[in-house]
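Trainee: Chains as they are written, first to last, in this note's numbering: chain A, 1 to 298; chain B, 1 to 182.
Where a beta carbon is used, it is the ideal one built from N, C-alpha and C, also for glycine.
Model, not experiment: these values are computed from the prediction.
First, the structure itself, so that you have it in front of you.
Laid out in structure tokens, this is it:
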């Protein structure tokens, strides 16, 4: 696919995924109602879920970058520390039309980089000393363009919304199943069909798993999108392709551990630092070989 | 019947407003992007005095080369129209190229910290100018697409939104492939 086709395609896939989320959410709510009727505590649970989600979105989310930085021991880069890298990031931010993100460096031999922040005005990019040392100018530009594209496309925010959907669905499925257990037999307000009930229960059990799979699919899709947007920014897909190849070779030797990485932060990195060999659909990132071949075809 | 017509008219009006606002936003984006190029061009001009100072001591016999740079800078600062400024800008780019080519015969200069930092700064600024121009062309493309496609072309024609020009290189010389000799 050409560059332009890639970008359009990726955005359509994202929209489709979020529609799927909305459908799943609707199905869960429906199942919940089927199982419990309209229980008096239902409004309470809805409000509690909403408050939790708002708390995450407005309070936890804006402060998340600081937490990740402390966990990984990153230090902020001043222009005089590394004018070469600083100029690269500044130039790319100009090309992307966003304010320049702050730049951080992580002391580590692992080859990796990430970007985070609630919106382009409050964002940062980080790179390991290992990666900084290994890449040439074109490859560094490719990697940084990928990270800046994440910021510009509001991917971090999209992933948070996806995570919030997952939380809400898991919470409501849990409540639904509990209600089912405490309901007891013989309470037949809905006069209802056992089939609907069975489907609702199956739905509630499967919903958290399906929602996790959707979230991972969105994460992979946004990675492809950042690859394409980054290539568009530099007009040179090979830069990132070569950088990814270098990262893959190095990290295959088993050298990819970074301090402070856990399941909540794994998906932010350009290469999954905690990757065990799992089925593709459980990965936050698409396979490297796939990413490289898509870039080379642009 | 009257209510349906009124309802439709309202919907059309809302859509028209949204399109108009969109066009204004896109046009302002292009103005912003153009101004951003100027920011980087000014940065490049501001680096020149420092460069001349650093280089003067080492390159005592290259007055011609140094003067070319200083004159080009003066030409930029006194340019009265965008066309003049673009021409002077090309002049400066050429003069800088010669200066750095000549600097290669002065190993002591090349090794000095100051010079290396300035080289990185100037090179970085050239990259930023290039990206600023790229962004300008990207937003001009968005704007031109908007005023040429249906339905926004209707609003564009009604309110006099005109096509904008892409940034193009002025000189034929810049279109030739670069020859590198060692």
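What first and last residue would you give for the beta strand (DSSP E) that runs through residue 126/A?
Mentor: 124 to 128 is the extent of the beta strand (DSSP E) around residue 126/A.
Trainee: Just checking, does the segment 30 to 49 of chain B make contact with the segment 103 to 113 of chain B on the three C-beta pairs under 8 Å criterion?
Mentor: The segment 30 to 49 of chain B is not in contact with the segment 103 to 113 of chain B.
Trainee: Alpha carbon to alpha carbon, how far is residue 4/A from residue 34/B? Give it in angstroms, no decimals.
Mentor: One C-alpha to the other measures close to 24 Å.
Trainee: So residue 161/B is in the alpha helix (DSSP H); what residue range does that whole segment cover?
Mentor: Neither: residue 161/B is in no alpha helix (DSSP H) and is coded neither H nor E.
Trainee: Since residue 146/A and residue 227/A should fall inside the 8 Å C-beta cutoff, what is the C-beta to C-beta distance between them, to a whole number of angstroms?
Mentor: 6 Å between Cβ atoms; contact.
Trainee: Give the straight-line distance between the Cα atoms of residue 177/A and residue 205/A, rounded to the nearest whole angstrom.
Mentor: Cα-Cα distance, rounded: 8 Å.
Trainee: Which residues of the segment 129 to 140 of chain B have a Cβ closer than 7 Å to any Cβ of chain A? Give them in chain order.
Mentor: Here the close residues are 131, 132, 134 and 135.
Trainee: Comparing the C-beta of residue 184/B with each C-beta of chain A, is any distance below 8 Å?
Mentor: Outside the displayed span of chain B (1 to 182) sits residue 184/B, for which this structure offers no information.
Trainee: What would DSSP say about residue 114/A, mapped onto helix, strand or coil?
Mentor: Three-state result, residue 114/A: strand.
Trainee: For residue 223/A, does the count of other Cβ atoms within 10 angstroms reach 16, so buried, or fall short, so exposed?
Mentor: Under this definition residue 223/A is a buried residue.
Trainee: Mind checking if residue 154/A is an interface residue toward chain B, Cβ cutoff 8 Å exclusive?
Mentor: No - not a single Cβ of chain B is within 8 Å of the one on residue 154/A.
Trainee: Using Cβ-Cβ distances below 7 Å, what residues of the segment 10 to 32 of chain B are close to chain A?
Mentor: Listed by position along the chain: nothing, the set is empty.
Trainee: With DSSP collapsed to three states, give me the class of residue 19/B.
Mentor: Three-state result, residue 19/B: helix.
Trainee: Does residue 110/B get closer than 8 Å to chain E when you measure Cβ to Cβ?
Mentor: Of the protein chains in the structure, A and B, none is chain E.
Trainee: Going straight from the alpha carbon of residue 78/B to that of residue 100/B, what length do you get?
Mentor: C-alpha separation (whole angstroms): 25 Å.
Trainee: Where does the unbroken beta strand (DSSP E) through residue 205/A begin, and where does it stop?
Mentor: Here residue 205/A belongs to no beta strand (DSSP E); instead the alpha helix (DSSP H) covers 194 to 234.
Trainee: For the alpha helix (DSSP H) containing residue 129/B, list its first residue and its last residue.
Mentor: Its alpha helix (DSSP H) spans residues 113 to 148.
Trainee: Is any non-hydrogen atom of the ligand NAD found closer than 7 Å to the C-beta of residue 163/B, if you look at the structure I gave you?
Mentor: In the structure on display, the ligand NAD does not appear, and there are no ligands present to speak of.
Trainee: In terms of DSSP beta bridges, what is residue 105/A paired with?
Mentor: DSSP, once it has assigned bridges, lists 75/A and 127/A as partnering residue 105/A.
Trainee: Report back the beta-carbon spacing between residue 90/A and residue 128/B to the nearest angstrom; my notes put them in contact at under 8 Å.
Mentor: Between residue 128/B and residue 90/A the Cβ distance is about 7 Å, and since that is below 8 Å, they are a contact.
Trainee: Which class does residue 166/B belong to by DSSP, given the choice of helix, strand or coil?
Mentor: DSSP places residue 166/B in coil when its eight states are reduced to three.
Trainee: Counting Cβ pairs, one atom from each stretch, are 3 or more of them under 8 Å apart for the segment 44 to 63 of chain A and the segment 73 to 81 of chain A?
Mentor: Contact between the segment 44 to 63 of chain A and the segment 73 to 81 of chain A is absent, because fewer than three Cβ pairs lie under 8 Å.
Trainee: Taking C-beta pairs closer than 9 Å, name the residues in chain B that residue 87/A reaches, listed in chain order.
Mentor: Going along chain B in sequence order, the residues near residue 87/A (Cβ under 9 Å) are 120, 121, 123, 124, 125, 127 and 128.
Trainee: Going by alpha carbons, who is nearest to residue 168/A out of 33/A, 24/A, 217/A and 297/A?
Mentor: Residue 168/A has its Cα closest to that of 24/A, out of 33/A, 24/A, 217/A and 297/A.
Trainee: Round the Cβ separation of residue 292/A and residue 233/A to the nearest angstrom and send it over; I've been treating them as touching at under 8 Å.
Mentor: Contact doesn't hold; Cβ gap of about 18 Å is too wide.
Trainee: Who does residue 269/A pair with in a DSSP beta bridge?
Mentor: Answer is 114/A, bridged to residue 269/A.
Trainee: Could you tell me whether the Cβ of residue 230/A comes closer than 8 Å to any Cβ of chain B?
Mentor: Chain B, which has no Cβ nearer than 8 Å to the Cβ of residue 230/A, makes this no.
Trainee: Determine the contact status of residue 145/B and residue 164/B, defining contact as a CB-CB distance below 8 Å.
Mentor: No, the Cβ-Cβ distance between residue 145/B and residue 164/B is not below 8 Å.
Trainee: Only counting runs of 4 or more residues, tell me where the alpha helix (DSSP H) segments fall wholly within the segment 46 to 121 of chain B, in order along the chain.
Mentor: Counting only runs of 4 or more, we get 63 to 77, 82 to 103 and 107 to 111.
Trainee: Quick one: list the residues of chain B neighbouring residue 83/A, beta-carbon separation under 9 Å, in chain order.
Mentor: Chain B residues near residue 83/A: 117, 120, 121 and 124.
Trainee: Following the continuous alpha helix (DSSP H) through residue 284/A, name the residue where it begins and the one where it ends.
Mentor: No alpha helix (DSSP H) contains residue 284/A, which DSSP labels as neither H nor E.
Trainee: Counting pairs of Cβ atoms below 8 Å between the segment 87 to 104 of chain B and the segment 5 to 13 of chain B, do you hit three or more?
Mentor: Counting Cβ pairs under 8 Å, fewer than three are found: no touch.
Trainee: Which residues in the same chain as residue 149/A place their Cβ atom closer than 6 Å to its Cβ, once the five residues preceding and following it in sequence are excluded?
Mentor: Excluding positions up to five away in sequence, the list reads 226, 229 and 230.
Trainee: Is the shortest distance between the beta-carbon of residue 94/A and the beta-carbons of chain B less than 8 Å?
Mentor: For residue 94/A, the answer is yes, since a Cβ of chain B falls inside 8 Å of its Cβ.
Trainee: Here's the rule I'm using: 16 or more other beta-carbon atoms within 10 Å means buried, otherwise exposed. How should residue 139/A be labelled?
Mentor: Label assigned to residue 139/A: buried.
Trainee: Taking the CB atoms as reference points, tell me whether residue 123/A and residue 113/A lie closer together than 8 Å.
Mentor: Cβ atoms of residue 123/A and residue 113/A: not closer than 8 Å.
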